[in-house]
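Chains as they are written, first to last, in our numbering: chain A, 908 to 1197; chain B, 25 to 343; chain C, 64 to 389.
Yeah, the Cβ is synthetic: ideal placement off N, Cα and C, and Gly gets one too.
So the structure is just underneath, and the comments pick up after that.
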Amino acid sequence: MTALPALPRSPGALAARRFLRNRMAVAGAVFLTAVAALALAAPLVAGHDPNAVDLAAFREPPSAAHLLGTDSSGRDVFARLVHAGRISLLVGLLSALAAVALGTLLGSLSGMFGGPVDAVVMRAADVVLSFPSLVVIVVLAGVLGPGTALLVLVFAACNWPTACRVVRGLTLSLREREYVQAARAFGAGRLTVIGRHVLPAVLSQVAVVGTLLVAQMILLEAVLSFLGLGVRPPQASWGNMLTDAQNLTLLQTMPWLWLPPGLAIALTVLAVNFVGDGLRDAVDPKGARR
Amino acid sequence: MLAYLARRLLINAVVFVLISVGVFLLVRAAPGDPVRMMVNPEHLSAGGAAFVAAKRAELGLDEPLLVRYGIWLRDALGGDLGYSLVSRRPVAEVLGERMGPTVLLMSTALAIGLVLAVAAGTLAATRRNTAIDHATTVAGLGTISVPSFFLGIAAIYLFSLKLGWVPSSGMSTPGDGGGADVLAHLVLPAAILGLSIAGPFTRYVRAGLLAELDADYVRTAEAKGAGPGRVLIRHALRNALVPLITVVMISVPQLLSGAVALEQVFAWPGMGQLAVSSIGQLDYPVVIGFALFIAVLVLLCNLAADLLYAAADPRIGLS
Amino acid sequence: MTPLLTVFDLAVEFPTEYGVVRAVDGVSLEVGRGQILGVAGESGSGKSVTAMSVLGLVRPPGRVARGSVRFDGEDLLTLPARRLRRIRGRRIAMIFQDPMTALNPVVPVGAQIAEAVRLHQPGLRRAAVKARVLELLASVGIADPADRYARHPHDYSGGMRQRAMIAMALANEPDLLIADEPTTALDVTVQAQVLGLLDTARRESGAAAVLITHDLGVLAELADRVAVMYAGRVVEHGDVHQVFTTPRHPYTRGLLSSRPVLESAGGALVPIPGSPPDLLNPPPGCAFEPRCALGAGRAVCRTSRPEPVAVADGHVSACHLHQEPI
């Protein structure tokens, strides 16, 4: 006798099972947990003050005292790396959260109200999406001066359309569902319907969009900080730790300075993308992979 | 079809006005005296305070905001973007001489990215759910996850410093500058930039091709006696690439983002490098000129996407 | 004389998430040279899948599980891909159900027909190919072929597209035409024209044809022989007049009486109750038993699967009760 198939479970449990079966996604989640733990515990694990200048220990190769060596100001690279993780992850998470919140709000309004509201929001989404956020922030940072808060604001302002489109599409189809129509018939206002029916229903899809955005935002923060337009030194971020690598001598002779932050960005973003991909397949198994 | 294009043109015009207002406000927000930004510095140093006041009136800086916007827009569209605070030359000229290298870098990267994407996407779609398909997906995620500036740094370390195959920076060796020399300088940044866009393009090619391979007309072609290669290239791929045209055109501004960082890493004398160094030197007129250029580029790309799409897909004519 | 096409004991499977679906399960058919075989049945009865498997066009993960398809002495199912391609479009040509999707939207219609010509006559010069295509377009009744040649499918109406499909099918003067519900997707007013055209063209070239349809009236008019399919099997197969006047399977009779007939004003329309079986879990006995006016509930029908039996010369029925009056 063959075993009976498992009884159908709730959609959430099914999605969780599909996610756990995706090895890449699980590996990504484990890696991210480790990175986040290191970043959170940075002051405990760093062993050195990330900003303590020690000109006696200047550009030292990795040693027992300095796990990843020291930089041009004698600062401990490992301490800077784990502290940089905090700011890089924070900017990534905050920006993605803000972008998704704005997108969800505009998308649900657009889908629920339709008409001119919809037309304006969707046109705006097209326009915003066609502008590369990197260039926008290069210009703004150039004129207004760089800063972390500006990064988060501009990232959110440039990246809400993805979530907006997804939420709008879902809202449009939800609007026609019987239970939503029934709620409307009983006098529930559109905003009430958005709060009570639309938001819970779009949550899983929005989480997917949000996760993939986190990856993009971490990358964007890195490149801008690398160019000197994002997180400002002495505050360490993975991106600005790489700025020194533009010096060819340093690049050639001191790989411990640029390899760790570069790998940190690459692996973290890869892990976030794996998780995002896994979430998408788990939430929408048919749509994601044909 | 004409109505469609007219509508798209109108939308683009509205968007341009909105953006130009944004850029104009940015000009106002920039620190420093606008006269200093708009007037030939040679005249400025010779003139003195009275000259500045006269220029202020002449530039319309005393007029209401709306009039000043009009004057600024007219001048900007006429190519008068003010003067660079650093090189003291007209901004349009400074930007113009950086355009060639950027276009060369971006078009080479685009070609590399497209070839890679069509090859990988086709491979993945025709060998769906095999190890090759999964490997392509993972590799695609890899290319969008590794920051291109870090890849650039690593590539310089490996190919220039350790192996000595190609030069590490610039566009040509002083005193040389022949085709082969430029090519040697171009290959790393273009390949890395191409790789960075190949990932998303591959996804489009794969998904599009899978949809087309399922289409009825593919079965018709098979029933005619066409072989698998012919079915793939003459029929399915041809249809799958139509939507890719739009994606490619819309990606051009994003490609410029990648170019900004890579030009910096490779000291490629393009517009991105100019923008970054101008920010460092607080050369606002150049930064704002760059912004305006991007705005125009984005709009032109959107328009080109619409036009090309209409030209490539005969079905558009219907709606 | 051996038949042109002999399908024997064909079975086609589609693995799905929930199990294996046997879309075609033991189908045997014959088409003589120059003859028209009509294949009738509800949607999902396996008509199209049978037609697709003749030319090896069943898409993975679907696969032919057993059986043979002999065409002019060769088994098409075991033929190497290269040789099968030389038969596709040249000796056996196919016309599909939906001309809206069966033509490539971004290739001009003329070029698509020219492709069919050139694939099998590679030596032909460009001008000769084009002349041949224009001739084909004219022969299927497309006005102003020279202008129509360079047009894309979206410039054609549904009826014209199906005419173009027919022209494409006739391009290499095939011995066998397989038409899979060629008029289902068309306006009623155009259906008769397209069928008429198909019949004329076939008659002129002397080709045999397999005509798949659920319109029994069309079969009565055009077909020489008829095969009735149900749940992936042929339940009755025989001369069209014999089958239609003296059906020996309750399903055939059900189909005939569920058909709206204008002339017989008295005969009320009697739909067959129930719905076709789930092919994932086919019943162990006769697939039609639950809906059968004659055999529902009978032990033999519920437990054992009826095999085809010759009920008259060239007339086969797969019914336990074929001897009972219906």
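In or out: F965 (chain A) buried (at least 16 other Cβ within 10 Å) or exposed?
-> Locating residue 965 (chain A) in the first sequence gives position 58, counting from the first residue. Exposed, since its Cβ has fewer than 16 Cβ neighbours within 10 Å.
Measure the beta-carbon distance from F1044 (chain A) to L1120 (chain A) and round it to whole angstroms, keeping in mind my assumption that it falls under 8 Å.
-> As a first step, residue 1044 (chain A) is located in the first sequence; it is residue number 137 there, counting from the start. As a first step, residue 1120 (chain A) is located in the first sequence; it is residue number 213 there, counting from the start. Reading off the sequence, residue 1044 (chain A) comes out as Ile, not Phe. With a Cβ gap of about 15 Å, I1044 (chain A) and L1120 (chain A) do not count as contacting.
Compute the beta-carbon to beta-carbon distance between W1163 (chain A) and V984 (chain A), rounded to the nearest angstrom, for a pair I have assumed lies under 8 Å.
-> Taking the first residue of the first sequence as 1, we reach residue 1163 (chain A) at position 256. Taking the first residue of the first sequence as 1, we reach residue 984 (chain A) at position 77. Confirmed, about 6 Å.
So, using beta-carbon positions, are I241 (chain C) and V273 (chain C) closer together than 8 Å?
-> Your numbering for residue 241 (chain C) matches position 178 in the third sequence. Your numbering for residue 273 (chain C) matches position 210 in the third sequence. Against a cut-off of 8 Å, the Cβ pair of V273 (chain C) and I241 (chain C) comes out as a contact.
Provide the residue span of the beta strand (DSSP E) that contains P78 (chain C), from first to last.
-> One-based indexing of the third sequence puts residue 78 (chain C) at position 15. Its beta strand (DSSP E) spans residues L68 to T79.
Whole angstroms is fine: what's the gap from T270 (chain B)'s alpha carbon to L331 (chain B)'s?
-> Here residue 270 (chain B) is taken as the residue at index 246 of the second sequence, counted from 1. Here residue 331 (chain B) is taken as the residue at index 307 of the second sequence, counted from 1. Cα-Cα distance, rounded: 9 Å.
Bounding residues of the alpha helix (DSSP H) (the contiguous stretch that carries D1184 (chain A)) | What you label residue 1184 (chain A) is simply residue 277 of the first sequence in a count that begins at 1. Where D1184 (chain A) is concerned, the enclosing alpha helix (DSSP H) stretches over P1162 to V1190.
Assuming M1124 (chain A) contacts G999 (chain A) under a Cβ cut-off of 8 Å, what Cβ separation, rounded to an integer in Å, is found between them?
-> Here residue 1124 (chain A) is taken as the residue at index 217 of the first sequence, counted from 1. Here residue 999 (chain A) is taken as the residue at index 92 of the first sequence, counted from 1. M1124 (chain A) to G999 (chain A), Cβ: 4 Å. Contact.
Which residues of chain C have a Cβ atom closer than 9 Å to the Cβ of G194 (chain B), listed in chain order?
-> Locating residue 194 (chain B) in the second sequence gives position 170, where the first residue counts as 1. In chain order: nothing, as chain C lies at least about 44 Å away.
Within the 8 Å Cβ cut-off, does V41 (chain B) reach chain A?
-> Numbered from its first residue, the second sequence carries residue 41 (chain B) at position 17. No - not a single Cβ of chain A is within 8 Å of the one on V41 (chain B).
Just how far apart, CA to CA, sit S338 (chain C) and V1109 (chain A)?
-> Your numbering for residue 338 (chain C) matches position 275 in the third sequence. Your numbering for residue 1109 (chain A) matches position 202 in the first sequence. S338 (chain C) and V1109 (chain A): Cα-Cα distance of roughly 37 Å.
Would you mind working out which of A:T1175, A:A1095 and A:L1047 sits nearest L306 (chain B), comparing C-alpha positions?
-> Here residue 306 (chain B) is taken as the residue at index 282 of the second sequence, counted from 1. Of A:T1175, A:A1095 and A:L1047, the residue nearest in Cα terms is A:L1047.
For chain A, find out if any of its Cβ atoms is closer than 8 Å to the Cβ of V255 (chain B); answer yes or no.
-> Against the second sequence, residue 255 (chain B) aligns to sequence position 231. So no, V255 (chain B) is outside the interface.
Validate contact between the segment 185-200 of chain B and the segment 1163-1173 of chain A using beta carbons, cut 8 Å, 3 pairs | no
Within chain B, partners of V1050 (chain A) - CB distance below 9 Å = For the purposes of this step, residue 1050 (chain A) is taken as residue 143 along the first sequence, with counting starting at 1. By Cβ distance, chain B contributes L50, V51, A53, A54, P55, I303, Y308, V311, I312 and A315.
Say whether chain C places a C-beta atom closer than 8 Å to the C-beta of E246 (chain B).
-> Along the second sequence, read from residue 1 onward, the residue named residue 246 (chain B) stands at position 222. Yes, E246 (chain B) lies at the interface with chain C (some Cβ there is under 8 Å from its Cβ).
Going by C-alpha distance, which of A:A986, A:G1018, A:A948 and A:W1067 is nearest L1079 (chain A)?
-> Walking along the first sequence from the start, residue 1079 (chain A) turns up at place 172. When only C-alpha atoms are compared, the closest one is A:G1018.
Using 8 Å as the limit for Cβ to Cβ distance, is G981 (chain A) near chain B?
-> Sequence index remark: in the first sequence, residue 981 (chain A) carries index 74 (1-based). No, its Cβ sits nowhere closer than 8 Å to a Cβ of chain B.
Excluding five sequence neighbours on each side, which residues of the same chain lie with their C-beta closer than 7 Å to the C-beta of F1062 (chain A)?
-> Position 155 of the first sequence, counted from the first residue, corresponds to residue 1062 (chain A). Only S1002, A1006, S1040, M1124 and L1127 meet the Cβ criterion.
Who are L239 (chain C)'s beta bridge partners in DSSP?
-> Stepping through the third sequence from its first residue, residue 239 (chain C) is reached at position 176. For L239 (chain C), which the question treats as bridged, DSSP gives the partners C:I155 and C:A271.
Where A328 (chain C) sits in the DSSP three-state scheme | Your numbering for residue 328 (chain C) matches position 265 in the third sequence. Caution applies to A328 (chain C), whose pLDDT of 43 falls short of 50 and renders its modelled position unreliable; the value that the coordinates give is listed next. DSSP places A328 (chain C) in coil when its eight states are reduced to three.
Spatial distance of L261 (chain B) from R982 (chain A) (CA atoms) | Here residue 261 (chain B) refers to the residue found at position 237 of the second sequence. Here residue 982 (chain A) refers to the residue found at position 75 of the first sequence. Each residue's Cα considered, the two are about 55 Å apart.
Tell me whether the beta-carbon of L343 (chain C) lies closer than 8 Å to the beta-carbon of G82 (chain C).
-> Counting from 1 along the third sequence, the entry for residue 343 (chain C) is found at position 280. Counting from 1 along the third sequence, the entry for residue 82 (chain C) is found at position 19. Cβ atoms of L343 (chain C) and G82 (chain C): closer than 8 Å.
Per-residue burial, V363 (chain C) [other beta carbons within 10 Å of its own, 16 or more giving buried] = Stepping through the third sequence from its first residue, residue 363 (chain C) is reached at position 300. Exposed is the call here.
Quick one: using the 10 Å Cβ neighbour count with 16 as the cut-off for buried, is P143 (chain C) buried or exposed?
-> Looking up residue 143 (chain C) in the third sequence gives position 80. Classification of P143 (chain C): exposed, given that the 10 Å Cβ count is below 16.
Contact list for the segment 168-186 of chain B against chain A, Cβ threshold 9 Å | I168, S169, V170, P171, S172, F173, F174, L175, I177, A178, I180, Y181, S184, L185 and K186
Please list the partners that P1039 (chain A) has in chain B, where partner means a Cβ-to-Cβ separation under 7 Å.
-> Residue mapping note: residue 1039 (chain A) aligns to position 132 of the first sequence, counting from 1. Residues of chain B passing the Cβ test: P277, Q278, L280 and S281.
Per DSSP, the bridge partner or partners of P114 (chain B) | As a position in the second sequence, residue 114 (chain B) is number 90, starting the count at 1. Beta-bridge pairing links P114 (chain B) to B:Y107.
Could you have a look at T65 (chain C) and say whether DSSP puts it in helix, strand or coil?
-> Position 2 of the third sequence, counted from the first residue, corresponds to residue 65 (chain C). Reduced to three states, the DSSP call for T65 (chain C) is coil.
Note the first and the last residue of the continuous beta strand (DSSP E) segment covering A375 (chain C).
-> As a working note, residue 375 (chain C) is residue 312 in the third sequence. A375 (chain C) -> beta strand (DSSP E) spans V372 to A375.
Candidates C:L140, C:V127, C:V84 and C:G280: closest to L68 (chain C) by CA position = Within the third sequence, residue 68 (chain C) is the residue found at index 5, counting from 1. If we check each option's Cα against that of L68 (chain C), C:L140 comes out closest.
Unbroken alpha helix (DSSP H) run spanning Y293 (chain C), endpoints = For the purposes of this step, residue 293 (chain C) is taken as residue 230 along the third sequence, with counting starting at 1. Note, Y293 (chain C): premise wrong, no alpha helix (DSSP H); beta strand (DSSP E) at R288 to Y293.
Whole angstroms is fine: what's the gap from A1026 (chain A)'s alpha carbon to L1106 (chain A)'s?
-> For the purposes of this step, residue 1026 (chain A) is taken as residue 119 along the first sequence, with counting starting at 1. For the purposes of this step, residue 1106 (chain A) is taken as residue 199 along the first sequence, with counting starting at 1. Using only the alpha carbons, I get a separation of about 21 Å.
Any beta-carbon of chain B closer than 8 Å to the one on V998 (chain A)?
-> By 1-based counting over the first sequence, the position of residue 998 (chain A) is 91. No, its Cβ sits nowhere closer than 8 Å to a Cβ of chain B.
Under 8 Å, do V1050 (chain A) and Y308 (chain B) count as touching if we go by C-beta distance?
-> Within the first sequence, residue 1050 (chain A) is the residue found at index 143, counting from 1. Within the second sequence, residue 308 (chain B) is the residue found at index 284, counting from 1. Yes. Within cutoff.
So, using beta-carbon positions, are G992 (chain A) and A953 (chain A) closer together than 8 Å?
-> The count along the first sequence starts at 1 and reaches residue 992 (chain A) at position 85. The count along the first sequence starts at 1 and reaches residue 953 (chain A) at position 46. Result no, Cβ atoms of G992 (chain A) and A953 (chain A) do not sit closer than 8 Å.
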